[in-house]
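The UniProt record's numbering numbers the first residue of the sequence shown as 1 and each following residue consecutively.
Shown next, in structure tokens, is the structure this report addresses.
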Amino acid sequence: MICPSCGPNPVDTIWDGVTLSFNRKHLRSTIQPPTTIHDTSPCNNRRYLVKPQLIPDKELRRSLSTIVSSPHLKQLGALLSKSDDLPLTEKEQKSVRKLIELVPVVEEQLNEVNTSLGQFFGRIFGLRAIISCPPARAYIALFQQIAAEESVLQMANRPALIALGGLLESSSLISAKILEIPAIHLVIQECWASSDNGLPNDVLGTLKWFHSRAMEVLTKALSNGQSSSPELATIPECDWRESGCYYSIPQIRNRPKYPSLKHDTRPELGDDRGGKCSKFYNQYGKQRLTGGIMGVWCTHSICYGFHFIPVGEGRNDVFSAIYTRWPTAPKRIIYDFACALSPYSLTREADFFADTSFNIDTFHAKGHTKCSPAAFLKTYSEVDPRAIHINSSAAECGNSGISRIRKAVSYMTQERAIVYTRVFLSYWNRQRIRKLNEAMV
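So this is what it looks like as structure tokens:
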């Protein structure tokens, strides 16, 4: 279960829960997923971060999002210019008139947050600006992410902020490529394409405000409690045939306790997984089966390990599997619920995950209509050639293979289901490793 190309610790990991389950009546107490809290588990007194968004004011975020995400921006310009050719229904006209009233209010409130931010918004989305020219796609994308409900650390992790800070200090933004922050990268490119005078002062001031605010949130996250994790050491594990947990990477930590985080280890039951995320899951825990398995794959569709889930899949499964086994966090974690995994992980171990990018794979991105584009791998692939070659559907390829044994496993006892799954995944990996070796020759 090691890819010859990615090595023992892949930097790009794809995680996915699979509905490969056996009946709950066969579930034994020997099951020990990485989420298990042991007597020797360290205690970390971390707390939830308060207002980690770029704009702390919730109502202002909502109003800004209403404007920049409105499908009537073009009609708004036509209505302001008193165009006779405006085929709008009465409902659409009402929505456009509401935008006309909202734009100057939001512009004034953004000026109070930061003068450059307010001026930038007014120059692009102001009523006079809308008449002359509809906003470019790059500006819309940036302000959508500024108005996002997610933490700013979803948009920019620690390496991205360090890179942005270095460019701002050098004042050398002529050929800048902030590939780690696609929204800012596209705005810089748009500014240089439309003008030979460089970046406008309001854009430069907005970038400085963004960097300052993001660093403030990152500093709060890093200083949120003190970790009491022991030095890295291989921890003896139970026999995988009994524990249902098999990874090619040995365990080096125990999953910590977080007594100040309410419901830290509570299983995420139900169909709706998160109020801010529109993704629904309907297959877990049905028909009196266990919660399936959590597996991790590299970009070549080779499985690095799995563990059986007693009740239901959750963010804790991915967080615990990585933290208990990876010496350093992967550079990129791709998961169909990454929009919620990011704040979950950064709240608990900010220093460990500060350099990680959490992304939703392309296949599941369509179901996340309420999530910021900063969470989508597709957003990074559009600007960063390094992300284009990541096969975000690697886990789905593995799932399609696992579907062949789903029915058989559902009738097995716990031990047989674990061994059968391990054998199947080993066979699956062997086939792909052979093909990969042939292609490398």
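Glycine included, every Cβ here is placed at the ideal spot set by N, Cα and C.
For clarity, every value in this text was computed on a predicted model and none was experimentally measured.
Which residues in the same chain have their Cβ closer than 6 Å to the Cβ of residue i, if we skip the five residues on either side of it in sequence?
i           : result
Ser248      : Met1, Ile2, Tyr304 and Gly305
Asn316      : Thr35
Ala136      : Glu190
Arg28       : Gln414
Pro8        : Ile2
Gly270      : Note on Gly270: pLDDT 47, under 50, position unreliable in the model; the coordinate value appears next. Cβ neighbours of Gly270 beyond the five flanking positions: none.
residue 470 : Outside the shown range of the chain, which is 1 to 441, sits residue 470, and nothing can be said about it.
Arg61       : Ile55 and Ala147
Asp84       : Unreliable placement is indicated for Asp84, whose pLDDT of 49 sits below 50; the coordinate value is still reported in the next sentence. Around Asp84: no qualifying Cβ.
Ile302      : Cys3, Asn429 and Arg432
Thr324      : Pro34, Gln251, Arg253 and Arg255
Leu425      : Cys303
Are the Cβ atoms of residue i and residue j separated by less than 8 Å?
i      : j      : result
Pro33  : His307 : yes
Ile14  : Trp326 : no
Val202 : Ser116 : This sequence places Asp at residue 202; Val is not what is there. Yes; because the gap between Cβ atoms is below 8 Å, this pair is in contact.
Ala147 : Ser65  : yes
Glu410 : Phe22  : Here the sequence assigns Ser to residue 410, which means Glu is not the residue at that position. Contact: yes.
Glu150 : Ala375 : yes
Leu102 : Ser69  : no
Asn224 : Ala350 : yes
Asp355 : Ile334 : no
Gly165 : Ile31  : no
Phe125 : Ile67  : yes
Thr299 : Asn391 : yes
Gly20  : Arg406 : First, the residue type needs correcting, since residue 20 is Leu and not Gly in the sequence shown. Yes, they are a contact pair.
Pro104 : Leu127 : yes
Arg332 : Asn359 : yes
Among the residues of its own chain, which have a CB less than 7 Å from the CB of residue i, if the five just before and after it don't count?
i           : result
His38       : Asn254
Met215      : Leu161
Arg46       : Asn224, Gly225, Tyr258, Ser260, Leu261, Thr347 and Arg348
Arg24       : Arg288, Leu289 and Thr290
residue 443 : The shown model of the chain, from 1 to 441, leaves out residue 443, and the question about it has no answer.
Glu382      : Pro182
Arg241      : Glu415, Ile418 and Val419
Measuring only the C-alpha atoms, how far is residue i from residue j?
i           : j      : result
Asp16       : Lys91  : 42 Å
Val419      : Gly291 : 17 Å
Val96       : Cys133 : 16 Å
Ile140      : Cys238 : 52 Å
Asn399      : Ser393 : 10 Å
Phe337      : Gln154 : 13 Å
Cys339      : Ala129 : 33 Å
Glu107      : Leu99  : 12 Å
Asn44       : Ala395 : 32 Å
residue 465 : Leu377 : Outside the modelled stretch of the chain, which goes from 1 to 441, sits residue 465, for which no answer is possible.
Arg432      : Glu180 : 31 Å
Asp384      : Ala138 : 15 Å
Phe352      : Asp264 : 18 Å
Pro200      : Lys177 : 17 Å
Ser170      : Val187 : 19 Å
Gly401      : Leu204 : 50 Å
Glu59       : Leu222 : 27 Å
Tyr246      : Val152 : 35 Å
Ala163      : Arg213 : 15 Å
Lys94       : His26  : 60 Å
Thr421      : Leu436 : 22 Å
Cys397      : Met412 : 24 Å
For residue i, count the other beta carbons within 10 Å of its own beta carbon; 16 or more makes it buried, fewer makes it exposed. Which is it?
i           : result
Ile388      : exposed
Met294      : buried
His211      : buried
Ser357      : buried
residue 528 : No answer is possible for residue 528: the residues shown for the chain start at 1 and end at 441.
Met423      : First, the amino acid is wrong: residue 423 is Val here, not Met. The residue in question, Val423, is exposed, as its Cβ has fewer than 16 Cβ neighbours within 10 Å.
Ser194      : exposed
Tyr328      : For clarity, residue 328 is Thr in the given sequence; the question names Tyr instead. By the neighbour-count rule (16 or more Cβ atoms within 10 Å), Thr328 is not buried but exposed.
Arg434      : exposed
Pro343      : buried
Give every residue of the same chain whose Cβ lies closer than 8 Å to the Cβ of residue i, excluding the five residues on either side of it in the sequence, and list them in chain order.
i      : result
Glu112 : Gly118
Lys208 : Ser116 and Leu168
Glu438 : none
Thr206 : Asn114, Ser116, Leu117 and Phe120
Met440 : Pro4 and Ser5
Lys220 : Leu49 and Pro52
Pro10  : Cys3, Cys298, Thr299, Tyr304 and Pro330
Ala408 : Tyr420
List the whole-angstrom C-beta distance separating residue i from residue j, where the pair is believed to meet the contact cut-off of C-beta under 8 Å.
i      : j      : result
Leu110 : Thr347 : That pair is no contact at about 28 Å.
Ser345 : Gln145 : At roughly 20 Å, the Cβ-Cβ gap does not stay under 8 Å, so Ser345 and Gln145 are not in contact.
Pro310 : Ile322 : Contact doesn't hold; Cβ gap of about 19 Å is too wide.
Tyr380 : Pro182 : 6 Å
Phe319 : Leu341 : 7 Å
Leu218 : Arg158 : 6 Å
Should residue i be listed as close to the ligand ATP, given that the test is whether its C-beta is under 7 Å from any heavy atom?
i      : result
Val409 : The model depicted lacks the ligand ATP and carries no ligand whatsoever.
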